[in-house]
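Student:
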DNA sequence: TTGAAAGCGCTAACAC
DNA sequence: GTGTTAGCGCTTTCAA
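Chains as they are written, first to last, in the UniProt record's numbering: chain G, 1 to 327; chain X, 1 to 327.
Structure follows, in structure tokens:
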């Protein structure tokens, strides 16, 4: 391995000078500079990032903590984060927390020991105190913890309302909801949006709300039971796209025609929604934009740049496809 | 930040002693040890990983370079890699190369500068020389480069044969193939397996082979053209599941009934295959197992442990679901 | 404009 | 058993 010492020796200068040309700071004579640059090239020297980190107490690395990389929403997000991080010269440490608090806490200890510069976190498990105790810049994404913590989410409540209202508009008379995990704040918001729209309806009752755990297989099972018990249901708002797909499967297995007998709307706007038959009507979040924005904010925070705003609730968008009736 | 010096001072010992209890090596009196442990706890001291890396020239970190995290095959793989790495005390640096050689090369330089201990690589772009020039333990996964490089792949050729043979068995008379990217070695192998089974068939001609680029939308388009041109096609082997889903969509749009008019088989065994209607018959790779095995091999390589074998071609498995006729 | 040297926090060889 | 110290490769202060 060739070090800064080797370069210095070959160029007949001190390591300080080499360091100066490496970091483009301090005075260094044009000629010496050229010489050093030459030697660097000929020796194919690359500065050691670890040594630099030790001194600088910074590693040009971001941590990305995701609850489940297997849920298609998160790879789309991760791609955006990676894109922006890389373009800004940061690398990405990736953690899959599987929604386990203990894992998250271990990860975070790990991050601190490595002089990681900042963290992008999607979690329900950590609370405000825990996050603020981190002493590391952090941006929370997808699942808000607290308004004082930099955050990028979307209008989940409005989205839930919009989805439900749309089902009403196209003529659905009994609308059920497949809810995500209780402890998940965005599932809760989407659910509240639904409630807002249906609680005064004469047909509404609590049993129209079922729990699908943001997971296809569970959603299929519970939807089948639901449709068997209440065949009058003609609209389903699923808390995410994956569960909506599960609901489509359930309907199909029971011989219910979509969208003629039953309209289904999801939430997320993941690519999967265009792969199903019928294609999925959904409330789309700007997933790439979320990752991009979160990473920008984080990097600005790290680099001490001015930031106008650190709490974002991005707009969602109704995408009409084939799983819902025409209005 | 509290350092080893602080601990030493508070415990009235030298840093060497603290280091000894930290690393559980060298002699240290039980009492002193307890004292040190106490101080560590009371100060909430965590050793600095960067300083340790600098000395050890190792960072307990693995690099994971994937071509496209957005392709559902890779998150499933990444999950396995992350699981095993974490369980063995390694963290994971994640790179999304988007199939670009330049990006991969930048990433790899990066890795070396950070004392990354090893790399898991899924790529077509790098050749044998480039990989061997790395001077870092590496395991290639999903896409073989060379038999001398540690590798975990599956029997792509056999899989291609098996898929095609199965379509013949269930009575398909004209079988098309949607091929993955030309430069992708696994796409090539699957294609060869297909060819082996069909090249002597009287109905076979070159135009039954179309290019779908491992991508759903492209696959839908080309399949529609194909089916319009050759309506006699009653079986399609798609080079991966995502393209198979694209083919299902195409068939659906053209009003072809699956599996009655047309049987479709994919390759990969990703979770998506169970989400579609009809559910996808496929040649399943043991995706989790691939990631797990690759990571184990890599860690053994890094830690200098004995390894019986470094080139694995895992078995694939035919999973019969609804997109193909019954035999 | 350049160099010597201290120091980032840790490990390990060597001395006692 | 324990301490002293050099050194991992780099940056930056200070002096020249």
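Cβ coordinates follow ideal geometry from the N, Cα and C atoms, glycine included.
Starting from the C-beta of residue 243 (chain G), find all residues in its chain whose C-beta is less than 6 Å away, skip the five residues before and the five after it, and write them out in chain order.
Tutor: Once the five neighbours on either side are set aside, the close Cβ partners of residue 243 (chain G) are 178, 212, 219.
Student: Select from the region 68–87 of chain X all residues with a C-beta closer than 7 Å to any C-beta belonging to chain G, and list them in chain order.
Tutor: 69, 70, 72, 75, 76, 78, 79, 82
Student: I'd like the list of long-range same chain contacts for residue 92 (chain G), defined as Cβ closer than 6 Å, with 5 residues on each side in sequence excluded.
Tutor: 62, 64, 82, 85
Student: Identify each residue in the UniProt domain "HTH lacI-type" (2–56) of chain X for which the Cβ-Cβ distance to at least one residue of chain G is less than 9 Å, and report them in chain order.
Tutor: Across the UniProt domain "HTH lacI-type" (2–56) of chain X, CB contacts with chain G closer than 9 Å involve 46, 47, 48, 49, 50, 51, 52, 53, 54, in sequence order along the chain.
Student: 7 Å is my cut-off, CB to CB: does residue 91 (chain X) come that close to chain G?
Tutor: Cβ-Cβ to chain G under 7 Å: yes for residue 91 (chain X).
Student: Report the option in G:240, G:208, G:239 whose CA atom is closest to the CA atom of residue 231 (chain G).
Tutor: G:208
Student: Using the beta-carbon count (16 or more within 10 Å), is residue 31 (chain G) buried or exposed?
Tutor: exposed
Student: Exposed or buried, residue 316 (chain G), counting other C-beta atoms within 10 Å across all chains shown (16 or more means buried)?
Tutor: buried
Student: Does the region 300–316 of chain G come close enough to the region 106–115 of chain G to have 3 or more Cβ pairs within less than 8 Å?
Tutor: no
Student: When the Cα atoms are used, what is the spatial distance from residue 131 (chain X) to residue 130 (chain G)?
Tutor: 42 Å
Student: When you compare only the Cα positions, how much space is there between residue 104 (chain G) and residue 98 (chain G)?
Tutor: 9 Å
Student: My parser needs the beta strand (DSSP E) runs of 3 or more residues fully inside the region 256–317 of chain G; what are they?
Tutor: 263–268, 281–284, 311–314
Student: Around the C-beta of residue 327 (chain G), are 16 or more other C-beta atoms found within 10 angstroms, so that it is buried, or is it exposed?
Tutor: By the 10 Å Cβ count, residue 327 (chain G) comes out exposed.
Student: What does residue 115 (chain G) touch in chain X if you count any residue whose Cβ is under 7 Å from its own?
Tutor: 50
Student: Identify each residue in the region 228–246 of chain G for which the Cβ-Cβ distance to at least one residue of chain X is less than 7 Å, and report them in chain order.
Tutor: Of all residues in the region 228–246 of chain G, only 245 come within less than 7 Å of chain X when Cβ atoms are compared, listed by chain position.
Student: Taking only three categories from DSSP, how would you classify residue 123 (chain G)?
Tutor: coil
Student: Considering only the alpha carbon of each residue, which of G:324, G:215, G:153 lies closest to residue 68 (chain G)?
Tutor: G:215
Student: Taking only beta-carbon atoms, is residue 290 (chain X) less than 7 Å away from chain G?
Tutor: By the rule that beta-carbons nearer than 7 Å mark a contact, residue 290 (chain X) does not touch chain G.
Student: According to DSSP, what are the bridge partners of residue 176 (chain G)?
Tutor: G:236
Student: What residues match up with residue 141 (chain X) in a beta bridge as DSSP calls it?
Tutor: X:152
Student: Check the DSSP bridge columns for residue 164 (chain G) and list the partner residues they point to.
Tutor: Note: residue 164 (chain G) sits in no beta bridge, so no partner.
Student: Find out if the Cβ-Cβ distance for the pair residue 143 (chain G), residue 186 (chain G) is shorter than 7 Å.
Tutor: Yes, the Cβ-Cβ distance between residue 143 (chain G) and residue 186 (chain G) is below 7 Å.
Student: Taking residue 50 (chain X) as the reference, give the member of X:267, X:27, X:114 with the closest Cα.
Tutor: X:114
Student: If you measure between the beta carbons of residue 294 (chain X) and residue 141 (chain X), is that distance less than 7 Å?
Tutor: yes
Student: Please identify the residue among G:151, G:42, G:190, G:135 whose C-alpha is closest to the C-alpha of residue 2 (chain G).
Tutor: G:42
Student: Below 7 Å CB to CB, which residues in the same chain sit around residue 249 (chain X) once its five sequence neighbours on both sides are set aside?
Tutor: 220
Student: For the structure I just gave you, are there three or more beta carbon pairs, one from the region 231–240 of chain G and one from the region 257–266 of chain G, closer than 8 Å?
Tutor: yes
Student: Provide the residue span of the alpha helix (DSSP H) that contains residue 107 (chain X), from first to last.
Tutor: 101–113
Student: Mind reading off the beta-carbon distance from residue 36 (chain X) to residue 15 (chain X)? Whole number of angstroms is fine, and I expect it under 8 Å.
Tutor: Contact doesn't hold; Cβ gap of about 11 Å is too wide.
Student: Going along the chain, which residues of its own chain have a beta-carbon closer than 7 Å to the beta-carbon of residue 19 (chain G), five neighbours each way excluded?
Tutor: 4
Student: Compute the distance between the beta-carbons of residue 184 (chain X) and residue 124 (chain X), then report whether it is under 7 Å.
Tutor: yes
Student: Would the beta-carbon of residue 176 (chain X) fall within 7 Å of that of residue 138 (chain X)?
Tutor: no
Student: Name the residue from X:196, X:192, X:254 whose alpha carbon lies nearest to the alpha carbon of residue 222 (chain X).
Tutor: X:254
Student: Just grab the DSSP bridge partners of residue 211 (chain X) for me.
Tutor: Its beta-bridge partners are X:179.
Student: Quick one: residues in its chain with C-beta nearer than 8 Å to the C-beta of residue 118 (chain G), no 5 flanking neighbours on either side, listed in chain order?
Tutor: Once the five neighbours on either side are set aside, the close Cβ partners of residue 118 (chain G) are 62, 63, 136, 137, 138, 139, 298, 299, 301, 302.
Student: Check for me: the beta strand (DSSP E) holding residue 63 (chain G) runs from which residue to which?
Tutor: 61–66
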